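Okay, so here's the structure we're looking at.
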Amino acid sequence: MDEEFEPKLLYILCSWCGSGGSESARAHGLKYPANVLPYRVNCTGSLPPVHILRALLEGADGVAVSGCYPGDCHYEGGNYHARRRVALTKAILEALDLGEDRLWFRFVAHGEGRRFVDTAAEFNDHLKELGPNPLNEITTT
Amino acid sequence: MAKAALMEGSNADLAARDLLKSLLSSGKVRGVMTLVETGPAGEVNYELVADVAALENATPLYPLMPANAGGLLSRLTVLEGFEEPVAAFLRPCELRAFVELGKLHQVNAENILLISATCGGVYPLRASLNGGLADGLPAYWEAVANGEAAEGLRPTCSACEHFVPFGADLVLAAVGSGGAGRLAVVARTPRGDEALEGLEGAAGEAEVETAGVKSLREKRGAARAELFETEPLPAPGLEGLVAFFGRCVGCRSCRSVCPICCCEICYFDAAATEPTPRTFDVHLKRKEGTRVPPDTLLFHLGRLTHMSASCVGCGMCADACPVYVPVATLFAKVGAETQALFEYVPGKDPEEEVPLQRFEEEELAEVGEERFGS
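Chains as they are written, first to last, in this note's numbering: chain A, 1 to 141; chain B, 142 to 515.
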């Protein structure tokens with residue numbers, strides 16, 4: 001059964017580097033797992049942690065967040081703010097034992113199509129190993 | 142040793158009242174914000190008092206917290222500061238909340254003389270029903286004077302390690318005063334020095350860090366470790382958390398009394414998060430069910446992402462909960478983790494921004510590795 005488990009993976013991408021990575025992947029004909037749901041935000045720094053929590057509580061097996069590398073943010077510091085928010089969210093998930101390793105934060109540059117598909121695949125494998133998200137077992141949250 | 146005035150008084154509360162009276166009658170301040178007894182059975186409220194006679198009922202250190210005064214003082218000053226000097230008597234956690242609110246641009250701190258005290262803690266508001274607190278007060282003041290931990294306090298008070306205020310202008314050394322009837326008011330800032338000048342009480346020197354403070358700090362530390370292990374906290378994982386908030390009636394009182402939750406419109410009250418028939422439709426199809434109203438847990442988790450790094454552990458949220466969810470203990474425990482992550486002590490340093498308003502370029506490599514990293 002485990003082999004057949006296909007995680008629902010939400011991949012939050014900033015509209016500059018993260019999405020750029022996915023565009024580069026397309027240009028190079030690289031493929032990422034079909035169960036990855038890309039979700040574009042203007043900047044990872046504009047992403048409220050509540051959206052991450054909602055995704056994890058309402059069906060996602062994992063959430064990945066990718067924005068620009070340090071120093072590359074289109075808005076100067078959005079990626080640094082996002083890193084702090086993700087770190088904070090992970091700390092809360094960890095303190096409550098809600099599975100902080102189902103939330104990943106990785107930098108992806110505009111031209112890094114390869115890194116984008118590799119990260120998506122790596123996270124997909126990681127989630128397959130973890131199995132279905134227990135947060136989805138209880139619907140009445 | 143710092144400049145200090147010695148106040149007569151059989152307990153810290155009376156000494157604190159005398160201090161406020163002297164400040165007001167000497168004209169050094171135009172008004173005083175303090176707890177005032179408003180009923181015969183230990184009912185207390187915060188008031189802004191401009192009349193010395195009205196201070197007869199002031200009880201600055203009455204061991205109850207009807208509201209976090211840091212939040213109240215922010216509401217009074219958010220649009221503009223006081224035009225004339227006002228003294229505000231705040232407990233250490235209220236002062237820390239006030240400082241946090243300052244960082245969130247919710248405060249105009251000019252013309253405020255901040256007075257605080259080493260704090261013996263407060264009782265749950267429920268303990269004061271039907272005058273239930275009056276008989277225990279002498280024992281409380283004795284415990285405070287001897288640096289002992291009083292029984293039956295708010296859980297987060299019994300486990301509070303920050304009962305010595307950071308950065309007040311004046312600090313009343315209540316904890317470990319020895320009960321000799323003379324309490325020291327220590328000046329910590331030039332404004333504090335100025336306030337003490339010429340006041341009754343021999344000009345002298347004193348320390349806030351009494352032997353009693355040291356001994357109480359040790360007891361609180363042990364109580365803190367125990368609280369986080371023994372207080373009914375959620376079992377690990379979602380099931381435990383759903384059960385923990387199972388009684389939650391969704392009144393959001395915890396948020397309305399939280400001094401840190403200062404957003405004019407809360408994300409969870411925004412129209413965008415209002416459940417519609419379609420929300421339920423989606424939940425039924427995708428989640429095969431939902432709690433009605435939905436998002437109870439998301440509200441509490443979301444609030445943790447917003448305020449836990451600044452949580453001062455005052456315990457207002459648990460006291461306000463109508464169904465006795467020990468939410469303050471949970472939030473204090475999670476807050477300890479998020480604050481440790483950023484090596485941040487809320488309310489300690491007014492110059493240090495709150496963790497989510499700032500960043501270091503090189504940090505948290507374990508969260509998002511650097512370029513060409515692993």
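Don't be surprised by glycine CBs; every beta carbon is placed ideally from N, CA and C.
In this text, all values refer to a predicted model and were calculated from it rather than measured experimentally.
**Request:** May I have the straight-line CA-CA distance separating His81(A) from Lys169(B), to the nearest angstrom?
**Result:** 44 Å
**Prompt:** How close, in whole Å, do the beta carbons of Ser451(B) and Pro491(B) come, if the pair is a contact with beta carbons under 8 Å?
**Reply:** Ser451(B) to Pro491(B), Cβ: 13 Å. No contact.
**Asked** Taking Cβ-Cβ distances shorter than 9 Å, what residues in chain A pair up with Gly443(B)?
**Response** Pro48, Pro49, Val50, Leu53, Arg54
**Message:** Less than 8 Å between CB atoms is the rule here; does Tyr485(B) satisfy it with respect to chain A?
**Reply:** no
**Message:** At the 8 Å Cβ level, is Leu213(B) part of the contact set with chain A, yes or no?
**Reply:** no
**Meets three-Cβ-pair contact criterion under 8 Å: the segment 101 to 118 of chain A and the segment 309 to 325 of chain B** = no
**Message:** Based on DSSP bridge pairs, tell me the residues matched to Met142(B).
**Reply:** DSSP output for Met142(B) lists no bridge partner at all.
**Request:** With DSSP collapsed to three states, give me the class of Glu346(B).
**Result:** strand
**Top-ranked residue by Cα proximity to Lys244(B), from Met457(B), Ala506(B), Ile401(B), Val464(B)** = Ile401(B)
**Request:** In the DSSP assignment, find the alpha helix (DSSP H) that holds Glu359(B) and state where it starts and stops.
**Result:** 352 to 371
**Message:** Please report the straight-line C-alpha distance between Phe513(B) and Leu93(A), rounded to a whole angstrom.
**Reply:** The pLDDT assigned to Phe513(B) is 44, lower than 50, so where the model puts this residue is not dependable, and the model offers no usable value.
**For Trp16(A), the three-state DSSP class (helix, strand or coil)** = coil
**Request:** Within the same chain, show all residues whose beta-carbon is closer than 7 Å to that of Glu225(B), passing over the 5 residues directly before and after it, in chain order.
**Result:** Arg171, Asn252
**Message:** Spatial neighbours of Gly20(A) within its chain, please: C-beta separation below 6 Å, excluding the five flanking residues on both sides.
**Reply:** His110
**Item:** Contact residues within the segment 77 to 100 of chain A, judged by C-beta distance below 9 Å to chain B
**Value:** Gly77, Asn79, Tyr80, His81, Ala82, Arg83, Arg84, Arg85, Val86, Ala87, Leu88, Thr89, Lys90, Ala91, Ile92, Leu93, Glu94, Ala95, Leu96, Asp97, Leu98, Gly99
**Request:** Give the single residue among Ala156(B), Glu235(B), Arg295(B) whose Cα lies nearest to the Cα of Ala469(B).
**Result:** Arg295(B)
**Message:** Going by DSSP in three states, Pro134(A) sits in which element: helix, strand or coil?
**Reply:** helix
**Given 8 Å, three or more beta-carbon pairs between the segment 219 to 233 of chain B and the segment 271 to 285 of chain B** = no
**Prompt:** Start and end of the beta strand (DSSP E) containing Ser257(B)?
**Reply:** 253 to 258
**Request:** Kindly confirm or deny that the segment 391 to 398 of chain B and the segment 226 to 240 of chain B touch, where touching means at least three C-beta pairs closer than 8 Å.
**Result:** no
**Message:** Given this structure, state the Cα-to-Cα distance separating Phe230(B) from Glu503(B), to the nearest angstrom.
**Reply:** 40 Å
**Message:** Can you tell me where the alpha helix (DSSP H) holding Glu335(B) begins and where it ends?
**Reply:** 331 to 337
**Prompt:** If you measure beta-carbon to beta-carbon, which residues of the segment 368 to 387 of chain B are closer than 9 Å to chain A?
**Reply:** Pro375, Ala376, Pro377, Gly378, Leu379, Glu380, Gly381, Leu382, Val383, Phe386
**Assumed close pair Thr437(B), Gly391(B) - CB separation to whole angstroms, cut-off 8 Å** = 6 Å
**Message:** With a threshold of 8 Å on Cβ separation, who are the neighbours of Val41(A) within its own chain once the five nearest residues in sequence on each side are excluded?
**Reply:** Ile12, Leu13, Cys14, Ser15, Leu47
**Message:** Please classify Met142(B) as buried or exposed, where buried requires at least 16 neighbouring CB atoms within 10 angstroms.
**Reply:** exposed
**Prompt:** How do the segment 250 to 269 of chain B and the segment 145 to 165 of chain B stand: do at least 3 beta-carbon pairs fall below 8 Å, yes or no?
**Reply:** yes
**Request:** Go ahead and pull the three-state DSSP assignment for Gly67(A).
**Result:** strand
**Message:** Between the alpha carbons of Glu484(B) and Arg388(B), how many angstroms are there, rounded?
**Reply:** 34 Å
**Item:** Nonlocal neighbours in the same chain, by C-beta distance under 6 Å from Glu511(B), ignoring five residues either side
**Value:** Because the pLDDT of Glu511(B) is 48, which lies under 50, any placement of that residue in the model is unreliable, and the question is left without a value.
**Prompt:** So the beta strand (DSSP E) Ala325(B) belongs to, where does it begin and stop?
**Reply:** 323 to 328
**Request:** In the DSSP assignment, find the alpha helix (DSSP H) that holds Met457(B) and state where it starts and stops.
**Result:** 457 to 461
**Asked** What separation, rounded to the nearest whole angstrom, lies between the Cα atoms of Pro204(B) and Ala413(B)?
**Response** 41 Å
**Item:** Separation of Ala325(B) from Phe500(B), as counted between CA atoms
**Value:** 41 Å
**Message:** Let's test the definition: count the other Cβ atoms within 10 Å of the Cβ of Asp125(A) and tell me whether it reaches 16, buried, or not, exposed.
**Reply:** exposed
**Request:** May I have the straight-line CA-CA distance separating Thr371(B) from Pro265(B), to the nearest angstrom?
**Result:** 18 Å
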